[in-house]
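Structure record follows, encoded as structure tokens.
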Amino acid sequence: MNLRQTRLLYEILSQPTSPFREDLVAEVAIRQLLHRQIPHFVDPVGNVVIGVGSARDYRALLRDPDAEPLRILAAHMDHPGFDGARWLDNRRLRIHWHGGSPLKHLGGANVWLATREGVFGYGQIRKPKLHKSGFYLETAEIQLKNPAQVRQFPAREIFGGLAFRAPVWQSGKRLYTKAADDLVGVFAILETAFAAYGHDGKKRPPFIGLLTRGEEVGFVGAIGHFELGWLAKAKRKTIFVSLEASRTLPNAILGKGPIVRLGDRRTVYQADYLKVLSDVASRVLPGRHQQRIMDGGACEAAAATIWGLPAIGITVPLGNYHNQGFEGGQDCAALQGPAPEFVHIDDIQGLLLLCRALVRPGLNWPDPWQQQKLRLTKNAKHYSKLLKRSDARKK
Ligand SMILES: [Zn+2]
Numbered sequence: 002m003n004l005r006q007t008r009l010l011y012e013i014l015s016q017p018t019s020p021f022r023e024d025l026v027a028e029v030a031i032r033q034l035l036h037r038q039i040p041h042f043v044d045p046v047g048n049v050v051i052g053v054g055s056a057r058d059y060r061a062l063l064r065d066p067d068a069e070p071l072r073i074l075a076a077h078m079d080h081p082g083f084d085g086a087r088w089l090d091n092r093r094l095r096i097h098w099h100g101g102s103p104l105k106h107l108g109g110a111n112v113w114l115a116t117r118e119g120v121f122g123y124g125q126i127r128k129p130k131l132h133k134s135g136f137y138l139e140t141a142e143i144q145l146k147n148p149a150q151v152r153q154f155p156a157r158e159i160f161g162g163l164a165f166r167a168p169v170w171q172s173g174k175r176l177y178t179k180a181a182d183d184l185v186g187v188f189a190i191l192e193t194a195f196a197a198y199g200h201d202g203k204k205r206p207p208f209i210g211l212l213t214r215g216e217e218v219g220f221v222g223a224i225g226h227f228e229l230g231w232l233a234k235a236k237r238k239t240i241f242v243s244l245e246a247s248r249t250l251p252n253a254i255l256g257k258g259p260i261v262r263l264g265d266r267r268t269v270y271q272a273d274y275l276k277v278l279s280d281v282a283s284r285v286l287p288g289r290h291q292q293r294i295m296d297g298g299a300c301e302a303a304a305a306t307i308w309g310l311p312a313i314g315i316t317v318p319l320g321n322y323h324n325q326g327f328e329g330g331q332d333c334a335a336l337q338g339p340a341p342e343f344v345h346i347d348d349i350q351g352l353l354l355l356c357r358a359l360v361r362p363g364l365n366w367p368d369p370w371q372q373q374k375l376r377l378t379k380n381a382k383h384y385s386k387l388l389k390r391s392d393a394r395k396k
């Protein structure tokens with residue numbers, strides 16, 4: 002990555018975000034798109050749609066029976082975090098948590114607090130209460146650190162998340178951050194748009210970027226987008242491509258490259274389109290990509306599948322998924338306690354190359370198994386004499 006790219010990645014990773022509080026991430030994206038004159042608009046549920054200037058243009062593009070399938074690259078702008086509920090006294094804020102969370106060592110953990118204007122202070126978690134399932138934090142109190150920040154804002158304007166030494170920092174090739182999931186995906190979509198549109202923003206590549214909201218609580222923004230019905234009425238082929246950062250697993254190792262995601266905890270993805278993706282990965286990242294079902298979690302490709310859209314996925318391996326200290330590392334005080342997420346620079350670089358190659362026109366979408374079919378046919382022919390042996394048939 003060059004200096005400009007690194008700066009943009011740091012800027013995105015520094016934005017405070019939590020489910021339904023994605024405005025600051027969306028603002029960075031929109032500012033970049035305006036600067037490069039890349040068409041975009043905000044859909045009725047607040048997702049940022051890249052590649053078309055309005056809902057009308059989008060529907061027209063989907064109605065155009067172009068032979069080139071439209072790739073819809075999606076990444077979510079939120080990350081697990083909390084909403085302020087009410088002030089308990091001058092320094093204590095009651096909160097509701099949204100999405101996954103660490104389950105241990107939560108008492109005393111540091112958090113950042115923000116409003117629509119940005120981060121205004123820091124606090125510590127007190128009296129954490131897990132949901133009755135035991136799978137995530139439900140409520141807690143936040144004790145504000147600086148008495149000067151007391152009750153500066155109405156409780157309901159405040160949101161926050163787990164805080165570490167900085168929003169983002171690098172150690173060797175590891176990038177530590179409060180939230181790589183899924184801001185790395187947001188970054189990759191913007192970079193894909195920059196590369197695909199060129200400098201004047203005039204070329205229209207066969208690609209739409211979709212930056213979604215509220216993924217961490219059940220793909221709410223993506224479902225809102227599907228429910229608009231625009232994609233269901235498309236006259237041209239569409240392929241939903243989920244970009245994610247997801248929990249490292251055996252054979253999905255940090256630093257070994259982005260992963261062709263064959264499926265998630267809910268479902269497998271569309272086999273024909275996965276074949277195209279896998280071939281593209283073998284070509285542009287030989288020996289530097291991975292391939293497997295990432296069943297540590299589910300993603301928007303599962304939601305797309307449920308809503309009838311053929312879907313595939315790409316993901317970068319993620320350490321300390323949802324800030325749970327599974328893998329330890331810097332600023333992880335105790336295993337399974339609050340910890341910064343981390344990703345590997347080489348995996349992000351690979352992700353950019355893969356996305357860029359995937360939106361190029363002319364890939365073999367119509368007949369992805371052509372080579373395999375030829376090879377297998379030839380092989381079958383080779384054995385045809387054995388197949389015809391009568392004694393073998395009698396058995
Ligand atoms: Zn995610």
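One rule links them: number in my numbering = place in the sequence shown (from 1) + 1. C-beta atoms are modelled at their ideal positions from N, C-alpha and C, and glycine is treated no differently.
query = Going by beta carbon distance, what residues of the same chain come within less than 6 Å of HIS106, once the five residues before and after it are set aside?
reply = ALA335 and GLY338
query = Closest to VAL218 by CA distance: which of PRO20, LEU14, ARG8 and LYS382 is it?
reply = PRO20
task = Could you tell me the boundaries of the beta strand (DSSP E) in which ASP84 lies?
result = 82-88
message = I'd like the ranges of any beta strand (DSSP E) spanning at least 3 consecutive residues and lying wholly in the region 65-120.
response = 71-77, 82-88, 93-99 and 111-116
query = Does the count of Cβ pairs from the region 171-178 and the region 32-50 closer than 8 Å reach three?
reply = no
task = Would you mind sorting TRP370 into buried or exposed? The rule is 16 or more other CB atoms within 10 Å of its CB.
result = exposed
request  = Give the straight-line distance between the Cα atoms of VAL31 and ASP24, rounded to the nearest whole angstrom.
outcome  = Looking at the sequence shown, residue 31 is not Val but Ile. Spanning the two alpha carbons is a distance of roughly 10 Å.
inquiry  = Measuring straight from C-alpha to C-alpha, what distance separates VAL221 and GLY215?
reply    = 5 Å
key: Endpoints, alpha helix (DSSP H) assigned at PHE185   = What sits at residue 185 in the sequence shown is Val, not Phe. Looking at the DSSP string, the run of the alpha helix (DSSP H) that includes VAL185 is 184-198.
task = Leaving aside the five residues before and after VAL281 along the sequence, list all residues of the same chain whose C-beta is less than 6 Å from its C-beta, in chain order.
result = ALA358 and LEU359
ask   = What residues are listed by DSSP as bridge partners for ALA335?
value = Note: ALA335 sits in no beta bridge, so no partner.
query = ILE51 bridges to which residues according to DSSP?
reply = HIS41 and GLY210
ask   = Using the C-alpha atoms, what's the distance from THR378 back to LEU385?
value = A small correction: the amino acid at residue 385 is Ser; Leu does not occupy that position in the sequence shown. Each residue's alpha carbon lies about 10 Å from the other.
message = Between ARG72 and VAL242, how many whole angstroms is the CB-CB distance? I'm expecting something under 8 Å.
response = 6 Å
message = Within a Cβ cutoff of 7 Å, which residues of the same chain sit near VAL187, ignoring the five residues on either side of it in sequence?
response = ILE13, VAL26, ALA30, ALA76, MET78 and LEU212
inquiry  = Am I right that ARG189 and LEU353 are in contact with their C-beta atoms under 8 Å? What's the rounded C-beta distance?
reply    = Reading the sequence as shown, one finds Ala at residue 189 and not Arg. Contact flag correct, Cβ pair sits at about 6 Å.
inquiry  = Please tell me whether, using a cut-off of 7 Å, the distance from the CB of CYS300 to the nearest non-hydrogen atom of ligand 1 is below it.
reply    = yes
ask   = Can you list, in chain order, the residues of its chain whose CB lies under 7 Å from that of MET295, leaving out five sequence neighbours each side?
value = SER247, LEU250, ALA253, ILE260, ARG262, ASP265 and THR316
query = Can you tell me where the alpha helix (DSSP H) with LEU14 in it begins and where it stops?
reply = 4-14
request  = Starting from the N-terminal side, write out each stretch of the alpha helix (DSSP H) that is 4 residues or longer and does not extend beyond the region 258-338.
outcome  = 272-285 and 301-307
request  = Report buried or exposed for GLU28, applying the criterion of at least 16 other Cβ atoms within 10 angstroms of its Cβ.
outcome  = exposed
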